[in-house]
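Heads up, the thing below is written out as structure tokens.
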Amino acid sequence: MNKLDKTSKKTVVLGASSKIDRYSNRAVKQLIAHGHQVIPIGFENEKINGLQIETALLPIENVNTISLYLNPKRQEAYYDYILSLNPKRIIFNPGTENRDLEQLAKKLNIETIEACTLVMLSVGNY
Numbered sequence: 011m012n013k014l015d016k017t018s019k020k021t022v023v024l025g026a027s028s029k030i031d032r033y034s035n036r037a038v039k040q041l042i043a044h045g046h047q048v049i050p051i052g053f054e055n056e057k058i059n060g061l062q063i064e065t066a067l068l069p070i071e072n073v074n075t076i077s078l079y080l081n082p083k084r085q086e087a088y089y090d091y092i093l094s095l096n097p098k099r100i101i102f103n104p105g106t107e108n109r110d111l112e113q114l115a116k117k118l119n120i121e122t123i124e125a126c127t128l129v130m131l132s133v134g135n136y
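Structure follows, in structure tokens:
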């Protein structure tokens, strides 16, 4: 499934990296392979499989999922941005678990999941 379809979930990957050994890089590639629209946001002006990593915090509409690849301390600077996107859910990948952000999200009725995006995609429950 390489084309976007009605099951596509617009996903922001926060902490995206062009380094091929990073899980965020693998997640971007797998999300694309599974037909999801992906907006990678990171710190480097690079590309992942031809997709530009955004370094600015752009307004993005209709976000289904934010997949976090930033440690909790680095997330603090992004709280307002993350919540302003009003995603349906936030996936806290291993090492990104953050009770403070989870509580803020839950107050806005944003679902929070402590899971691995790659595993969720591989078992079909993304």
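Using this note's numbering, you'd call the opening residue of the sequence shown number 11 and step up by one each time.
Using N, Cα and C, we set each Cβ at its ideal position, and we do this for glycine too.
Here the structure is a predicted model, which means the values were calculated and not measured.
Reference residue i, options the options, closest by Cα
| i | options | result |
| --- | --- | --- |
| residue 84 | 110, 44 and 117 | 110 |
| residue 73 | 132, 130 and 121 | 121 |
| residue 65 | 47, 129 and 55 | 55 |
| residue 117 | 76, 50 and 99 | 99 |
Run of the beta strand (DSSP E) containing residue i, from where it starts to where it stops
| i | result |
| --- | --- |
| residue 122 | 121-124 |
| residue 99 | 99-102 |
| residue 24 | 21-26 |
N-terminal and C-terminal residue of the alpha helix (DSSP H) that residue i is part of
| i | result |
| --- | --- |
| residue 118 | Segment: none, residue 118 is in no alpha helix (DSSP H) and carries neither H nor E. |
| residue 69 | Element bounds for residue 69: n/a, residue is neither H nor E. |
| residue 91 | 89-94 |
| residue 84 | 82-85 |
Cross-strand partners of residue i (DSSP beta bridge)
| i | result |
| --- | --- |
| residue 77 | 23 and 101 |
Cβ neighbour criterion (16 or more within 10 Å) applied to residue i
| i | result |
| --- | --- |
| residue 52 | buried |
| residue 106 | buried |
| residue 108 | buried |
| residue 1 | The structure shown does not extend to residue 1, since the chain is modelled only from 11 to 136, so the question has no answer here. |
| residue 97 | buried |
| residue 103 | buried |
| residue 134 | exposed |
| residue 19 | buried |
| residue 129 | exposed |
| residue 25 | buried |
Scan the stretch 37-66 and note each continuous alpha helix (DSSP H) run of 4 residues or more that stays entirely inside, going in chain order.
-> none
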